[in-house]
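Down below is the structure, laid out as structure tokens.
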Ligand SMILES: Nc1ncnc2c1ncn2[C@@H]1O[C@H](COP(=O)(O)OP(=O)(O)O)[C@@H](O)[C@H]1O
Ligand SMILES: [Mg+2]
């Protein structure tokens with residue numbers, strides 16, 4: 063189901079913050095239907111790149127095309143269209159703390175101004191069911207939820223509008239191994255059910271190895287390597303070597319390779 067056409071296309075992207083060059087010359091095509099993971103050291107510009115793709119930040123130079131449209135088109139209708147076709151799970155979940163579980167998930171649906179409340183209710187319950195949040199929790203506030211539940215509710219909100227594109231920034235950070243695994247299983251299922259294209263930032267080997275079709279490595283201010291897990295593991299670069307070489311990580315990789 064992976065198309066060779068680019069749902070996101072980044073060309074000659076450069077990012078500079080007051081003399082601090084974060085990206086020099088990023089070129090990247092994300093295929094429709096794939097899970098592309100972005101790895102790189104802390105401060106290598108992964109989150110910034112996601113924010114730029116989302117249109118929350120503007121690169122210093124270069125172009126980003128998404129669904130075939132320039133990200134920096136000023137046409138309001140077009141930008142709204144792009145926004146409605148993309149869901150985001152920010153680092154740390156980021157639910158609105160003053161809104162209940164129900165209202166958090168309902169928010170993007172209400173912002174459309176085209177759906178009545180009974181329909182919004184049904185859609186919210188459907189999305190919560192998809193992420194395995196029981197109906198008894200709908201009136202809870204985010205502070206009353208466990209870390210794993212916050213992630214799942216945030217995911218339900220990201221999926222509220224049935225997006226084609228889903229962005230995940232460190233989706234399993236802060237989850238214990240069991241919760242992390244159930245989150246990975248959930249993404250795996252939703253991916254095929256919803257025909258999603260997923261762009262994921264992670265340094266957790268479990269989602270990386272379980273979900274990625276391709277991995278792009280950010281280092282030295284550019285994408286130094288892109289390919290499937292095996293190709294990336296075999297790529298000779300100090301960052302990649304150290305990334306995959308912890309004892310625990312070796313264990314996971316050995317198990318994956320023997321599957
Ligand atoms: N709005 C900003 N203003 C100035 N510097 C920023 C801004 N956003 C990010 N940076 C800097 O850009 C670099 C990359 O940050 P970030 O994209 O968050 O990295 P990563 O997600 O890979 O850890 C860091 O050095 C960070 O301090
Ligand atoms: Mg980050």
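In the numbering used here, the protein residues as written are 63 to 321.
Idealized CB from N, CA, C, for every residue including glycine.
Tell me whether residue 264, by its Cβ, gets closer than 7 Å to a heavy atom of ligand 1.
no
Beta-carbon separation of residue 77 and residue 106 under 8 Å?
no
Decide yes or no for the touch test of the stretch 225–238 against the stretch 250–266: beta carbon pairs closer than 8 Å, at least 3 of them.
yes
Would you check whether ligand 1 has a heavy atom nearer than 7 Å to the C-beta of residue 104?
yes
Those residues which DSSP pairs with residue 182 across a bridge
Residue 182 pairs with nothing; no bridge assigned.
For residue 254: DSSP bridge partner residues:
According to DSSP, which records beta bridges pairwise, residue 254 is partnered with nothing at all.
Measuring CA to CA, which of 176, 212 and 179 is closest to residue 190?
212
Apart from the five residues just before and just after residue 138, which ones in its own chain have a Cβ nearer than 8 Å to its Cβ?
none
Inter-residue Cα distance where the pair is residue 294 and residue 184
43 Å
Span of the alpha helix (DSSP H) holding residue 304?
300–306
Name the DSSP beta bridge partners of residue 76, please?
123
Just to confirm, does residue 236 get its C-beta within under 7 Å of one of the non-hydrogen atoms of ligand 4?
Looking at this structure, you won't find ligand 4 anywhere; what it does contain is ligand 1 and ligand 2.
Sorry if obvious, but does the Cβ on residue 66 come closer than 7 Å to a heavy atom of ligand 2?
no
Pull up the distance between the alpha-carbon of residue 187 and that of residue 249, whole angstroms please.
18 Å
Measure the CB-CB distance between residue 150 and residue 220 and report whether it falls below 8 Å.
yes
Test item: CB-CB of residue 167 and residue 215 under 8 Å
yes
Spatial neighbours of residue 127 within its chain, please: CB distance less than 6 Å, with the 5 preceding and 5 following residues excluded, ordered by chain position.
71
State the Cα-Cα distance for the pair residue 147 and residue 238, rounded to the nearest angstrom.
31 Å
Could you check which residue in 182, 163 and 164 has the C-alpha nearest to that of residue 171?
182
Cβ separation of residue 90 and residue 276, assumed to be a contact under 8 Å, to the nearest whole Å
Actually they do not touch by this definition, with Cβ atoms about 10 Å apart.
Compute the minimum distance between the beta carbon of residue 153 and the heavy atoms of ligand 2, and state whether it is under 7 Å.
yes
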